[in-house]
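Novice: Starting off with a structure, shown below.
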Amino acid sequence: MPVFCGAGRIAALRMAIGQGMERLLDVRALETEQLGPLDLYLQAGELVQITGASGSGKSLLLRALADLDPSRGTVRLMARDRERIPPTDWRRQVAYVPAETAWWAETVREHFPAGWEPDQAGSWLERFSLPDEALDWEVERLSSGERQRLGLLRAFLNRPRILLLDEPTANLDLENTRRIERAVRSYLAASEAGALWVSHDTLQRGRLGGRVLEIRDRRLVA
Amino acid sequence: MSVISLSALDLALAALLVLALAGLTLWARLAVGRSLLIASVRTVLQLLLVGLVLQTLFDHAQLGWVALMAGVMLLIAGYEVMARQERRFAGIWGYGIGTATMFVSAFAVTVLALTTMVGPTPWWEPQYAIPLLGMLLGNTMTGIALGLDRLTQAVWRERRVIEGRLALGDSWLCATSTMRREAARSGLMPTINAMAAAGVVSLPGMMTGQILAGVAPVEAVKYQILIMFLIAAGTGFGALGAVWLASVRLFDQRSRLRLDRLHPGRR
Chain A
6 MPVFCGAGRI AALRMAIGQG MERLLDVRAL ETEQLGPLDL YLQAGELVQI
56 TGASGSGKSL LLRALADLDP SRGTVRLMAR DRERIPPTDW RRQVAYVPAE
106 TAWWAETVRE HFPAGWEPDQ AGSWLERFSL PDEALDWEVE RLSSGERQRL
156 GLLRAFLNRP RILLLDEPTA NLDLENTRRI ERAVRSYLAA SEAGALWVSH
206 DTLQRGRLGG RVLEIRDRRL VA
Chain B
9 MSVISLSALD LALAALLVLA LAGLTLWARL AVGRSLLIAS VRTVLQLLLV
59 GLVLQTLFDH AQLGWVALMA GVMLLIAGYE VMARQERRFA GIWGYGIGTA
109 TMFVSAFAVT VLALTTMVGP TPWWEPQYAI PLLGMLLGNT MTGIALGLDR
159 LTQAVWRERR VIEGRLALGD SWLCATSTMR REAARSGLMP TINAMAAAGV
209 VSLPGMMTGQ ILAGVAPVEA VKYQILIMFL IAAGTGFGAL GAVWLASVRL
259 FDQRSRLRLD RLHPGRR
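Protein sequences, first through last, are from chains A and B.
Start counting the first sequence at 6; every next residue gets the next number (this note's numbering).
Start counting the second sequence at 9; every next residue gets the next number (this note's numbering).
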C-alpha cells in the first residue's frame, strides 16, 4: 500500500469565537509518569521560559504537550480538546523542536511539509540569514548552526500556533543564538503564536524576557 | 522402486566421521568438540523420537491426532520466532505476533494445498499433511523472525528520526515507511534466493529425498515446484502480516511511538 507522506493539509485552526481568546494553550492537571499534575497556560504572542535542574523533566513536559509521550489531564488549544484533534494535526499546530533536529533525507527541501509555500520559506530564510540555495544543501554538510536554523524553519512552515523549543540554541555561538531568538520573536508576533522555551542559559533568560517557570519536584513554580 | 534400508552399521560408520572431526577439533583446541558431540547425540535422539511419533501417527491416522501434532509444531515454531528477536514485544505480543501470523499463513497455505492441489484422501492424511506443514512452518518461521527482528531493530535505531517526523505532523505510516519496507524485504529474501538457486546451485532437500526413495526425477521436480511456491506464498504473506501487526503495535491510538512495548535488547 503506498503511503503519501506529509499529504495532510496545512490548515490553521480557527480561533473559537468568544472563548479561549486569552488562552491560546490551556493545560490542566497534566500528568505523566515523571511529571505533574501541573497547570500551565500560554497567551497569543507570549513566550514562556521553562527552567529546572537537568533531569527535572523539561524535555518530558514538551514531549507530553506535543503528544509524543502519553499523558493524562486536559490540554486545550484555542479551547479545543487535544483528544478531538487528530494527532498529525495536533503536532503540526503544537510544534516540538528538539535540541538536535532529526534529518533523514539527502537535501534540506525533502524535509519540508507537503504544500509548503516558497514565498514563506524565502522570507524565513532571509530572517535566519540563510541564502535561497540553502534549500538544496546536503544535510550531511550542514553546520550545527545551519541545522538548527533550518530545523526551526521547517517547523515554521507548518504554521504552528505553539512552539515547544527544547534548548534550540544549545551548542550554538552567540551570533546564531541571537538569530534564532530574533526569528522566534518575529514568528510569535506575526502568527499570534505562543512559545515554551527551555533554556538554562541565564544571559539568554534576560534577553528573551517573559514569564519564567521552573520545574521542581514534578511541578511548575513561578 | 524400494528404498535401500540403512543398517545400524551404516549409521555407525557415519558417526565415526563425526567422532574423527571431534578428535581433530580437540587436537586443534577449537573448544567445539563438546558441543559437536552433544549436538550429534541430540540429532540421533530427536530424530528417533520424531520417527516414532510419526510412525504412531501414521498407524493411528485420525484428524484429532494430526491436529494435535500440527498444534504442537506451531507452538514450538512460535517460540522459535520469539527467541530469535533481539528486542521482542512485551507480554503476549512477543509470542503472539509470530504465532498468529504463522497460524494464518502456514496453516492456510497447507490446508489449501492439501484440499485443492495434492488431494490425498482424507485431505489431512498425515503422510502428506505433516511433512508439508513442517516445511512451511520451518520457512515461514525464518521469514517472520527475520522481518520482525529487522523492523524492531530499525525502529529502535531510528527512533529520533521517527519522532522528529511525527513532531512535524507526519503520520506513523509515513514516518516508518522505509523501515517497514526493509523489514518485509528481508523477510522475503531467503525464499527468493532459494527459488533463484533451486536446481542450479542446490538440489532442494525434499526433491533429493524423493529421488533417493526411488521417485522418478520429473515427479520429484513437480513436487518441489509446488513446495517452493507454497513456501514463497506462506513466507511472504506471513512476513508481511507480521511486519504490519508489529508496526501497528509500535504506535498507540494517538500515533505515539511506544518503544516501552519492547523488551530491552539482549547481548
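Glycine included, every Cβ here is placed at the ideal spot set by N, Cα and C.
#1: If you follow the beta strand (DSSP E) that tryptophan 202 of chain A is in, where does it begin and where does it stop?
#2: Taking the CB atoms as reference points, tell me whether leucine 159 of chain B and valine 89 of chain B lie closer together than 8 Å.
#3: Measuring only between beta-carbons, confirm whether asparagine 176 of chain A sits less than 8 Å from chain B.
#4: Could you tell me which residues DSSP puts in a beta bridge with threonine 79 of chain A?
#5: Excluding the 5 residues flanking arginine 275 of chain B on each side, which residues of the same chain have their C-beta closer than 6 Å to its C-beta?
#6: Given a limit of 9 Å on CB to CB distance, which residues of the region 166-178 of chain B reach chain A?
#7: Using a beta-carbon distance below 8 Å, is isoleucine 22 of chain A in contact with chain B?
#8: Assuming contact is defined by CB atoms lying nearer than 8 Å, are arginine 159 of chain A and leucine 140 of chain A in contact in what I supplied?
#9: I need the DSSP call for isoleucine 22 of chain A, collapsed to helix, strand or coil.
#10: Compute the distance between the beta-carbons of leucine 253 of chain B and isoleucine 105 of chain B, then report whether it is under 8 Å.
#11: From isoleucine 233 of chain B to leucine 181 of chain B, what does the alpha carbon distance come to, in whole angstroms?
#12: Which full runs of the alpha helix (DSSP H) of 4+ residues lie inside the region 128-210 of chain B, going along the chain?
#13: Does the distance from the CB of histidine 205 of chain A to the CB of threonine 56 of chain A come in under 8 Å?
#14: Quick one: list the residues of chain A neighbouring arginine 264 of chain B, beta-carbon separation under 8 Å, in chain order.
#15: Chain B partners of alanine 100 of chain A, CB-CB under 9 Å?
#16: Chain B beta carbons: is any one of them nearer than 8 Å to that of asparagine 181 of chain A?
#17: Counting contacts by CB-CB distance shorter than 8 Å, is threonine 106 of chain A in contact with chain B?
#18: Count the other C-beta atoms from every protein chain shown that fall within 10 angstroms of the C-beta of alanine 183 of chain B, then say buried if there are 16 or more, exposed otherwise.
#19: Measuring only between beta-carbons, confirm whether tryptophan 109 of chain A sits less than 8 Å from chain B.
#20: What's the call for alanine 12 of chain A, buried or exposed, on a 16-neighbour Cβ count within 10 Å?
#21: What does the alpha-carbon distance come out to for the pair phenylalanine 115 of chain B and arginine 189 of chain B?
#22: What would DSSP say about alanine 227 of chain A, mapped onto helix, strand or coil?
#23: Would DSSP call arginine 275 of chain B helix, strand or coil?
#24: Within a Cβ cutoff of 8 Å, which residues of the same chain sit near glycine 199 of chain A, ignoring the five residues on either side of it in sequence?
#25: Decide if leucine 218 of chain A is buried, meaning its Cβ has at least 16 other Cβ atoms within 10 Å, or exposed.
#26: CA-CA distance, threonine 64 of chain B and glycine 142 of chain B?
#27: Using only the alpha-carbon positions, how far apart do threonine 148 of chain B and arginine 146 of chain A sit?
Specialist: With the given structure in hand:
#1: 199-203
#2: no
#3: no
#4: A:Arg33
#5: In this predicted model, arginine 275 of chain B has a pLDDT of only 48, less than 50, meaning its place in the structure is not dependable; the value taken from the coordinates is given anyway. The answer is none, since no qualifying residue turns up.
#6: Glu166, Arg168, Val169, Ile170, Glu171, Gly172, Arg173, Leu174, Ala175, Leu176, Gly177 and Asp178
#7: For isoleucine 22 of chain A, the predicted model reports a pLDDT of 44, less than 50, meaning its position is unreliable and no value from the coordinates is stated.
#8: no
#9: With a pLDDT of 44 at isoleucine 22 of chain A, under the threshold of 50, the modelled position of this residue cannot be trusted; read the value that follows with caution. If DSSP states are grouped into helix, strand and coil, isoleucine 22 of chain A belongs with coil.
#10: yes
#11: 36 Å
#12: 134-165, 167-175, 180-183 and 185-205
#13: yes
#14: Asp72, Leu73, Asp74, Pro75 and Pro92
#15: Ala175, Leu176 and Gly177
#16: no
#17: yes
#18: buried
#19: yes
#20: Legend: pLDDT at alanine 12 of chain A = 48, less than 50; position of this residue unreliable, value from coordinates given subsequently. With fewer than 16 other Cβ atoms within 10 Å, it is exposed.
#21: 25 Å
#22: coil
#23: For arginine 275 of chain B, the predicted model reports a pLDDT of 48, less than 50, meaning its position is unreliable; a value from the coordinates is still stated below. If DSSP states are grouped into helix, strand and coil, arginine 275 of chain B belongs with coil.
#24: Leu29, Leu30, Leu47, Gln48, Ala49, Gly50, Glu51, Leu52, Val53, Arg166, Ile167, Leu168 and Leu193
#25: buried
#26: 17 Å
#27: 43 Å
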